[in-house]
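Read the structure below first, then the notes.
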C-alpha cells in the first residue's frame, strides 16, 4: 500500500487535469462498456450471465486505460494493416483482467512502476513524456534472455512480457490481425493437400503408394458404397 | 421432498445420451420399443445457431476464445469440464483423479477428437498375453460385425493396412497429410515407427442423404452444423426421432437412483429436474445406464435397497473398481524449416491426418502395454494465447527475445506455424486398487452423494511414459527440430498425465462370465439384476491403446440387439 500511495502522490503532482478531460487516446471505461448482444458465440445461459457480470465491472481507471493504450501502441505501432484501436486490444486487456483476476495485480503494479520510473527520470508521468523518452524506459525492460526462466527476471520485465503477450495476442486474434498474419482457414473449402510449390520448397512429396488411397474430391458427394471386403466402390 | 411420478411405463429408460446412450436409443426405438432418454444437461443441436460455435472467429468472443469458462476454450462444445460448479468430487488420500463431465444432449461426443479405432484381437485377451488384468468374455470376432455396422452407419475415414491388431473396417477415404505431417512421416519412418492415415469419424465422402460432407474447417471439437462428424445427437438420436421412434427426451434431468421392487428388479429411475429442483420418477421395464463409466457407477452405488444393500448390482463389490484412463505424454518442437511459411488454408479436418498405431512388441520392452502417437501443429486459427512469447524461439538463433515495435509483427509471421507436437495415448493396466466410491461425507447441490476417487499409476504406466518421451525426442531429432521445454524426468513421472486427463475413463462395471469377478455379463446385462444394462465404457475389461468411443458404440449396439431379442421372447414385463 505504501508504494501505491507514494506513486499516487507523484502522479497527482505530475499531471494536468485537462489531459484527462480530453481523453486524447479515446479509451475510457464508458467507451469500453458494450452491450452483450454484440457477442453471439453460442453461450449457455450461465455463461451469458458470467460474461454480463464481467462487462458490468470496471477494473482499470480511465488514466490506467490511457497508459495501457499508449503502451500497446508502442508495442505494436499502427501500420497499413491495422492498429491497436481497430483490434480493440485495450478492451481485451480490461476484459481479461476481470476474466483472469491473477492478471490484475501485475498489470496494475506495472503501470505504477512505469509512471514512477517516468517521474523519477523525467518528472512527468509516462503518458506525458515524448515518445523517445518513453522508449528509453521501455528499452530497459523490453528485452530478455530467452535462456533464462522468466520467473527469475525482475518484476518490471515480467510485467512488460505479460503486456506484450496480451497486446500481440489481442492484435493477432482480431479481424485485422488475422488478415495481416495470413491465416486463411475457418471457412468452407475442400482440402486437397499441400500446394505443389510449397512441397517443392520443402523437398517433400506424397508417396505414390498413398496417393491412390486419399479422398478423390471429385467424388466426395457420391454416397459411399463398399464391397463385402470393405473396398470402396463408389 | 415432493416427488412426482409419471404414470407412463416405458419399455426402456436410457440414462445418458452420449455414444452408448445414443446408440441404444437408435437401436431400441427402431425396434418399436418406447424409450425415455434422461439427460443431465440441456438440449443441444450442433445446427442451432444459438448454440453453434463452429466457424466463429476469436474476435467474436470477448476473451478471444480463452479457456476460462470452457477448459478447451470458448468454442469447444462440452458444457462442463473437470470442475463443475455445485457438482464436486473428492479424492482419497493424496491421489488426484480428474473427472471430465459434459452436461448436454450428446455428452462428450460433441467435442471429442473423433479418433475412431476399433480394438484388435489382442485387445480382448491381454491377460493371456501378458498375465496382467483380465481377458474379456468376448473376442474380436464377436464384436467385428458390430464394428462393421458402426463404420457404415456413422462413417470413419481410414485405409486398409492389414495390421493384425489394428483391424481394417469399412472406411471412407482419408484426407492428404498437411506439411508438418509429412515431416512427421519421414522422421518417424527413420525411427522405424509405422505411420498410417488417421481413422477419424469425419464424413469425407457422403455417407447418406441426411448428413453433410466435411468442408474442412478444422472445427470438429465445435460439433458440425451439417452433421459431417459423429455426434450422438446428430447421428443417432435425431435420426431415430425422425424415423418415427417413440422417444421421450428428458433434459436437465439428473438421475439419482435406479428404483427397484421387492424382488430386487429395476422398476425405473428417479431423477432431479434441474429447472424446478423437484424429484421425479419414471417407470420402465428395462433400465439402460449410459451416463459414463463413473456416473453410472455413482448411480448404482447410490441405489441401495434391502435387496441390494451394497448398491445395485454390486454383490461382487466391483462397481467402481478397475477404473482406468488412457495414459498421456506429449512433446512439442520448433521446426526451423517451417519459419516464414507461405500461408495457405491447411485447416483440414479437426484432428491429425496421419498417426502411428502401436508398432512394437511389449515382450521386448520393460512395460506391458502400448500406445499410439497423435501429431499436431501447423497454421491453426489464432485464438487467445497465439502470439504469447512471440519471438521466444530467437533463442535457437542466439538472439535476445522480447522488444517492441514493428519487429514483433515480422517475428509473429516468422514463427507462425513453425511448431509440431506429439501426443502418446497409451493403455494402462486396470487395477482393482484404482476406483471410485461414494464419499459418505459430501453431497452435490442436488443433495446426491458424490464420488470419491482413489487412483495411482503404477510402474507399468510410468515406464511407458518414459518410452514416449524417448521416442518423441528421437523423432524430433530426425526432423531437425528443437524440443521445447525440458524433457520431463522421473520427478514428474516422465510427463505422464494425471489419471482422468485423457478423458478415456473405463472399467467401473467390467464385464465377465463370473458374477464374482465382474459386474455385467457379455451382453452388458448386470449379473445381479436382469433388467439393467450398462452401455457406456464401464463394462470395458481393459482399455486398449485405442480411443474408446467406437467400442462403446459396437458394444451398445450388441447389447441393444440382445435387449430387443429378450423383449421378443417376452422376458421383460
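Residue numbers (this note's numbering), protein chains in the order written: chain E, 1 to 234; chain H, 235 to 807.
Beta carbons: idealized from backbone N, C-alpha and C, even for Gly.
Nearest CB-CB separation between residue 433 of chain H and chain E: not below the 7 Å threshold. With respect to chain E, the C-beta atom of residue 441 of chain H has a partner C-beta closer than 7 Å.
At a cut-off of 7 Å between C-beta atoms, residue 75 of chain E counts as an interface residue with respect to chain H. At a cut-off of 4 residues, the continuous stretches assigned as alpha helix (DSSP H) that sit fully inside the region 59 to 143 of chain E are 62 to 75, 84 to 87, 89 to 99, 104 to 122, 131 to 141. Contact between the region 214 to 223 of chain E and the region 239 to 252 of chain H is absent: fewer than 3 CB-CB pairs across the two stretches fall below 8 Å. Here residue 88 of chain E has 174 as same chain residues with Cβ atoms under 7 Å from its own Cβ, once five neighbours each way along the sequence are excluded. Listed along chain E is no residue with a C-beta nearer than 8 Å to that of residue 346 of chain H; the closest approach is about 18 Å. For residue 294 of chain H, the chain E residues whose Cβ falls inside 8 Å of its Cβ are 39, 40, 41, in order along the chain. In this model, residue 666 of chain H and residue 263 of chain H are separated by some 36 Å (Cα to Cα). Under the Cβ criterion (8 Å, minimum of three pairs), the region 550 to 565 of chain H does not count as touching the region 514 to 525 of chain H. With a threshold of 16 other beta carbon atoms within 10 Å, residue 778 of chain H meets it and is buried. Cβ-Cβ separation between residue 658 of chain H and residue 702 of chain H: approximately 4 Å, consistent with a contact (criterion under 8 Å).
Here DSSP, grouped into helix, strand and coil, assigns residue 801 of chain H to helix.
Here residue 783 of chain H carries a helix assignment [DSSP, helix/strand/coil].
By the C-beta density criterion, residue 512 of chain H is exposed, having fewer than 16 other C-beta atoms within 10 angstroms. Close to residue 174 of chain E, with beta-carbon spacing below 7 Å, are these residues of chain H in chain order: 293. When CB distances to chain E are screened at a threshold of 8 Å, not a single residue of the region 237 to 254 of chain H falls below it. The Cβ-Cβ distance between residue 690 of chain H and residue 669 of chain H does not fall below 7 Å.
Under the Cβ distance rule, residue 68 of chain E does not count among the residues neighbouring chain H, no pair being separated by less than 7 Å. Chain-order list of chain E residues neighbouring residue 286 of chain H: 42, by C-beta distance under 8 Å. Spatial neighbours of residue 137 of chain E in its own chain (CB-CB distance under 8 Å, excluding positions within 5 residues in sequence) are listed in chain order as 114, 117, 118, 121, 126. Nearest to residue 741 of chain H by C-alpha distance, out of H:306, H:294, H:554, H:454, is H:554.
The C-beta of residue 483 of chain H comes no closer than 7 Å to any C-beta of chain E. Going by DSSP, residue 39 of chain E is part of no beta strand (DSSP E) at all; its letter is neither H nor E. Neighbours of residue 615 of chain H across chain E, judged by C-beta separation under 7 Å: 183, 185, 186. Between the alpha carbons of residue 551 of chain H and residue 398 of chain H lies a gap of roughly 36 Å. Listed in chain order, the non-local C-beta contacts of residue 361 of chain H below 7 Å within the same chain comprise 367, 368, 369, local neighbours out to five positions each way being set aside. Taking a Cβ-Cβ threshold of 7 Å, the residues of chain H close to residue 50 of chain E are 303, in chain order. At a cut-off of 7 Å, the C-beta of residue 47 of chain E has a neighbouring C-beta in chain H. At a cut-off of 7 Å between beta carbons, residue 97 of chain E makes no contact with chain H. Residues 253, 257, 384 of the same chain have their beta carbon placed closer than 6 Å to that of residue 787 of chain H, with the five preceding and five following residues left out of the count.
Using a 10 angstroms sphere on the CB of residue 271 of chain H, the tally of other CB atoms reaches 16 or more, which defines it as buried.
If you check each beta-carbon in the region 125 to 150 of chain E against every beta-carbon of chain H, the ones closer than 7 Å belong to 138, 142, 143, 144, 145, 146, 147.
DSSP, read as helix, strand or coil, puts residue 199 of chain E in helix.
Just so you know, the alpha carbons of residue 104 of chain E and residue 234 of chain E end up roughly 59 Å apart. Residue pairing for residue 564 of chain H: DSSP places it in a beta bridge opposite H:657.
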